[in-house]
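Trainee:
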Amino acid sequence: KEKHKILHQLLQNSTS
Amino acid sequence: SPTVSMAELDHLAHVVSKSHLETCQYLREELQQMNCQNFLQDEVESYQKKPREVMWQLCALKITEAIQYVVEFAKRINGFMDLCQNDQIVLLKAGSLEVVFIRMCRVFDSHNNTIYFDRKFAGPDVFKALGCDDLITSVFDFAKNMSSLHLTEEELALFSAFVLLSADRSWLQDKLQVEKLQQKTQLALQHVLQKNQREDGVLNKLRCKVSALRSLCSQHTEKLSAFRAIYPDIVRTHFPPLYKELFG
């Protein structure tokens, strides 16, 4: 998870 | 293959197409209205004179921006967010740049072989400072071939989703689930192509594009490795973190 921190964040942000 | 009704395929095509338009970074009409010009000769020269690492940094930034839109697109594709996080990441790591390359044909001007970049239309010569002419030539050739198919936005949207949902990527946990989603997307694409009365060859041409996309991405990885070998600190300190996550 640490390796793809930003991708995780982007996926978890609600779609705007 | 799954049994899907025509109504379901229409609905899928509608949703994917809407998601594509909501996340495509530039609308064609907007670009036309902006009346963007080509770079002037002195502007081209100023890009060519940039230090290699500065031009690489600029392109990494533009690619990363484009990829952020692709992530939003993926999130809105039916079933994508139901996949486990491992598989979402595997698909985006392998497919997001491929979708950026597909989307490039929307901002490609085939009359003068230019592409929208940094607020104007740029020919291959603008990217000379990168030191990877062969990759740039391949990217422009791909955009040219892709735009010669004159796909509608709906067709482009479904093809992008089809590529993103490739079930043959390494490290997928639930291959079968991805395969189901990809098959449905392919059926919707076939359905839309038939509806638009496109000749039978288009789908085959699109299948060939899948291998062209993979080759472009591996060329990009090779060029990045070669660049990183010479400028490791530039990549480490100046390249966007998302770019490094995806291609590092």
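For the protein sequence lines, the chains are A and L, in the order given. Mapping of the first sequence onto my numbering: residues 5 to 20, in sequence order. Mapping of the second sequence onto my numbering: residues 2 to 249, in sequence order. We treat Cβ as the ideally placed atom computed from N, Cα and C, and that holds for glycine.
#1: Just checking my contact of glutamine 49 (chain L) with aspartate 126 (chain L) at CB under 8 Å: how many whole Å lie between their CB atoms?
#2: Whose C-alpha, out of L:Ser97, L:Asp83 and L:Ser161, is nearest the C-alpha of cysteine 218 (chain L)?
#3: List, in order along the chain, the chain A residues whose C-beta lies closer than 7 Å to that of leucine 93 (chain L)?
#4: So threonine 222 (chain L) is in the alpha helix (DSSP H); what residue range does that whole segment cover?
#5: From aspartate 119 (chain L) to lysine 63 (chain L), what distance separates their C-alpha atoms?
#6: For lysine 145 (chain L), which of helix, strand or coil comes out of DSSP?
#7: Pairs of beta-carbons, one from the segment 97-111 of chain L and one from the segment 152-171 of chain L, closer than 8 Å: are there three or more?
#8: Can you give the beta carbon distance from cysteine 37 (chain L) to arginine 107 (chain L), rounded, assuming they're within the 8 Å contact cut?
#9: Rounded to whole angstroms, what is the Cα-Cα separation between tyrosine 159 (chain L) and threonine 222 (chain L)?
#10: Return the Cβ separation of leucine 93 (chain L) and glutamine 220 (chain L) in integer angstroms, given the expectation that the two are a contact with Cβ distance under 8 Å.
#11: Closer than 8 Å by beta-carbon distance: list the chain A residues that pair up with valine 72 (chain L), in chain order.
#12: What are the boundary residues of the beta strand (DSSP E) that alanine 123 (chain L) is part of?
#13: Which partner residues does tyrosine 117 (chain L) have in the DSSP bridge list?
Mentor: Answer, in terms of the structure:
#1: For the purposes of this step, residue 49 (chain L) is taken as residue 48 along the second sequence, with counting starting at 1. For the purposes of this step, residue 126 (chain L) is taken as residue 125 along the second sequence, with counting starting at 1. With 8 Å as the limit, glutamine 49 (chain L) and aspartate 126 (chain L) qualify as a contact, their Cβ atoms being about 7 Å apart.
#2: Counted from its first residue, the second sequence places residue 218 (chain L) at position 217. Across the set L:Ser97, L:Asp83 and L:Ser161, the C-alpha of L:Ser97 shows the shortest separation from the C-alpha of cysteine 218 (chain L).
#3: On the second sequence, position 92 is the one that residue 93 (chain L) refers to. Result: Leu11.
#4: Position 221 of the second sequence, counting from 1, holds the residue named residue 222 (chain L). 202-231 is the span of the alpha helix (DSSP H), which, as asked, contains threonine 222 (chain L).
#5: Stepping through the second sequence from its first residue, residue 119 (chain L) is reached at position 118. Stepping through the second sequence from its first residue, residue 63 (chain L) is reached at position 62. Taking C-alpha positions only, aspartate 119 (chain L) is separated from lysine 63 (chain L) by approximately 8 Å.
#6: Taking the first residue of the second sequence as 1, we reach residue 145 (chain L) at position 144. In the structure shown, lysine 145 (chain L) sits in a helix (DSSP, three-state: H, G or I).
#7: The segment 152-171 of chain L and the segment 97-111 of chain L touch, with three or more beta-carbon pairs separated by less than 8 Å.
#8: Taking the first residue of the second sequence as 1, we reach residue 37 (chain L) at position 36. Taking the first residue of the second sequence as 1, we reach residue 107 (chain L) at position 106. In fact, because the Cβ distance is near 13 Å, the residues do not count as touching under 8 Å.
#9: As a first step, residue 159 (chain L) must be located in the second sequence, where it is residue number 158. As a first step, residue 222 (chain L) must be located in the second sequence, where it is residue number 221. Reading off the sequence, residue 159 (chain L) comes out as leucine, not tyrosine. Cα atoms of leucine 159 (chain L) and threonine 222 (chain L): separation of roughly 26 Å, rounded to the nearest angstrom.
#10: Here the question's residue 93 (chain L) lines up with position 92 in the second sequence. Here the question's residue 220 (chain L) lines up with position 219 in the second sequence. That pair is no contact at about 20 Å.
#11: Here residue 72 (chain L) is taken as the residue at index 71 of the second sequence, counted from 1. In chain order: Leu11, Leu14 and Leu15.
#12: For this step, residue 123 (chain L) is matched to residue 122 along the second sequence. Its beta strand (DSSP E) spans residues 121-123.
#13: On the second sequence, position 116 is the one that residue 117 (chain L) refers to. As computed with DSSP, tyrosine 117 (chain L) is found in a beta bridge with L:Phe122.
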